[in-house]
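**Q** Sharing a structure with you now.
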Amino acid sequence: HADIAMYRAKKLGRNNFQFHTPAMNEESLERVRIEGALRNALERDEFVLHYQPQVDLRTGQVVGMEALIRWRHPELGMVPPVRFVGVAEETGLIVPIGAWVMRTACAQTKAWHEAGLGKLRVAVNLSARQFGAADLLPSIEAALEDSGLEPACLELELTESLFMSDITPAVELLHRMKVLGIHLSIDDFGTGYSSLSYLSRFPIDVLKIDRSFVNDITEDANDAAIVASIIALAHNLRLSVIAEGVETAEQLDYLRRQGCDEIQGYYFSRPLPAADFEQLLRQRRTLARRG
Ligand code: C2E
Ligand code: MG
Ligand code: MG
Ligand code: MG
672 HADIAMYRAK KLGRNNFQFH TPAMNEESLE RVRIEGALRN ALERDEFVLH YQPQVDLRTG
732 QVVGMEALIR WRHPELGMVP PVRFVGVAEE TGLIVPIGAW VMRTACAQTK AWHEAGLGKL
792 RVAVNLSARQ FGAADLLPSI EAALEDSGLE PACLELELTE SLFMSDITPA VELLHRMKVL
852 GIHLSIDDFG TGYSSLSYLS RFPIDVLKID RSFVNDITED ANDAAIVASI IALAHNLRLS
912 VIAEGVETAE QLDYLRRQGC DEIQGYYFSR PLPAADFEQL LRQRRTLARR G
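UniProt numbering puts the sequence shown at residues 672 to 962.
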């Protein structure tokens, strides 16, 4: 795995020049604006969640979705997570924002259950910073209790960097989540610099192959080999594996041949506002009934 990380670092490094030009000032200016506006965004109800389907490759069914935050700011417009999640992490605002994401995602998923749209599972991204907050577990339990969502229908997406940060969660905390029935997945798998030992020490259920590997599987033999190896690794550890960023039929075919369990990506659907996601579910169910 160290080799995989090295290979990625080289590959990413090539495009990773830093320019110290006047653009830097504009960047820090934008940062200050974002930070100020972010402080009021929750109370002004400016966040929304979009949902991207996750599809079981054996059945073709939508079995779940990833909740992805969006920020609709009256002047800045639609701010994508790359422009504010980092700021929210540094300022600690990710803790209340993350709690809002959890409550909203659980409530929405329960509503879709009750509408008879299938026993969908929802995946929620967790920042390392959220593990630094003492009330992480209570706030997750509250979101589950208030919504009535079964814990088995909640999946938390963690990143490898969490396991080498100075707030690496206590094994006990993740075990307590597991005891509740919550699923744990490793997001962007293969891009971190951690050793694989955390996979045996922590109760992980799912590996989520980073989209940078998936992107090149049909052109780059190394990426194809890495993806096949991650799928084999997951299955040998009795974990489930999902590929993110699937954009083409060729990528899908390769993943299916390698025995990947689930896929997520533009090929199937972009992340959608809740109403559009619901419509997608209804259409698919109608099609399924008609055979
Ligand atoms: P992520 O968790 O790895 O989420 C997947 C990202 O890939 C999403 O970007 C999604 O829109 C994008 N994506 C999905 N399929 C494709 C595809 O086929 N092609 C391409 N090019 N992209 C695809 P998004 O929504 O911009 O989110 C970016 C990142 O922001 C997420 O990466 C996650 O790390 C973070 N994020 C999003 N929502 C939250 C949240 O509620 N809490 C926290 N802590 N982080 C979040
Ligand atoms: Mg994710
Ligand atoms: Mg990811
Ligand atoms: Mg990613």
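Glycine included, C-beta positions come from ideal geometry on N, C-alpha and C.
Could you tell me if the beta carbon of Asn796 falls within a distance shorter than 7 Å of some heavy atom in ligand 2?
**A** Yes, Cβ of Asn796 sits closer than 7 Å to a heavy atom of ligand 2.
**Q** Measure the Cβ-Cβ separation of Gln935 and Val898 and say whether it is below 8 Å.
**A** No, they are not a contact pair.
**Q** Closer than 7 Å: is that where the CB of Glu918 sits relative to any heavy atom of ligand 1?
**A** Result yes, Cβ under 7 Å from ligand 1.
**Q** Rounded to a whole number of angstroms, what is the C-alpha to C-alpha distance between Arg679 and Asp891?
**A** At Arg679, the pLDDT of 47 sits below 50, so the modelled position is not reliable; the number obtained from the coordinates is stated separately. If I take the Cα positions, the gap works out to 13 Å.
**Q** Check this for me: beta carbons of Ala794 and Ala712, under 8 Å apart or not?
**A** No, the Cβ-Cβ distance between Ala794 and Ala712 is not below 8 Å.
**Q** Tell me, please, which residues DSSP counts as bridged to Asp727.
**A** In DSSP, Asp727 forms a bridge with Glu933.
**Q** Specify the secondary structure class of Lys849 as computed by DSSP and reduced to three states.
**A** Correct three-state label for Lys849: helix.
**Q** Measuring alpha carbon to alpha carbon, tell me which of Val772, Ile902 and Asp716 ends up nearest Arg743.
**A** Answer by Cα proximity: Asp716.
**Q** Cα-Cα, which of Ala770, Ala708 and Ala903 is closest to Met749?
**A** Of Ala770, Ala708 and Ala903, the residue nearest in Cα terms is Ala708.
**Q** Return the chain-ordered list of same chain residues with a C-beta closer than 6 Å to the C-beta of Asp727, the five sequence neighbours on each side being excluded.
**A** Here the set comprises Val734 and Glu933.
**Q** Helix or strand or just coil, what does DSSP make of Tyr938?
**A** Coil.
**Q** Does the region 827–843 touch the region 785–793, meaning 3 or more C-beta pairs lie closer than 8 Å?
**A** No, because fewer than three Cβ pairs between the region 785–793 and the region 827–843 fall closer than 8 Å, the two stretches do not touch.
**Q** Quick one, are the C-beta atoms of Leu791 and Ala945 less than 8 Å apart?
**A** No. Outside cutoff.
**Q** Mind checking which residues open and close the alpha helix (DSSP H) that includes Leu827?
**A** Note, Leu827: premise wrong, no alpha helix (DSSP H); beta strand (DSSP E) at Leu825 to Thr830.
**Q** Could you pull out every residue in the same chain whose Cβ sits closer than 6 Å to the Cβ of Leu952, ignoring the five residues on either side in sequence?
**A** So the list reads Leu788, once near-sequence residues are dropped.
**Q** On the DSSP bridge assignment, give the partners of Asn796 in chain order.
**A** DSSP, once it has assigned bridges, lists Glu828 as partnering Asn796.
**Q** In terms of DSSP beta bridges, what is Gly835 paired with?
**A** Looking at the sequence provided, one finds Met at residue 835 rather than Gly. According to DSSP, which records beta bridges pairwise, Met835 is partnered with nothing at all.
**Q** Please classify Asp894 as buried or exposed, where buried requires at least 16 other C-beta atoms within 10 Å of its C-beta.
**A** Buried, because 16 or more other Cβ atoms sit within 10 Å of the Cβ of Asp894.
**Q** If we ignore side chains and look at the alpha-carbon of each, how far apart do Ile838 and Leu764 end up?
**A** Distance between the alpha carbons of Ile838 and Leu764: 17 Å.
**Q** Helix, strand or coil, according to DSSP, for Asp924 in the structure here?
**A** Asp924: helix per DSSP, three-state reduction.
**Q** Using alpha carbons as the reference points, say which of Glu714, Ser856, Gln732 and Asn696 lies closest to Arg960.
**A** The candidate whose alpha carbon is nearest that of Arg960 is Gln732.
**Q** In terms of residues, what are the limits of the beta strand (DSSP E) holding Ala914?
**A** Ser911 to Glu915 is the span of the beta strand (DSSP E), which, as asked, contains Ala914.
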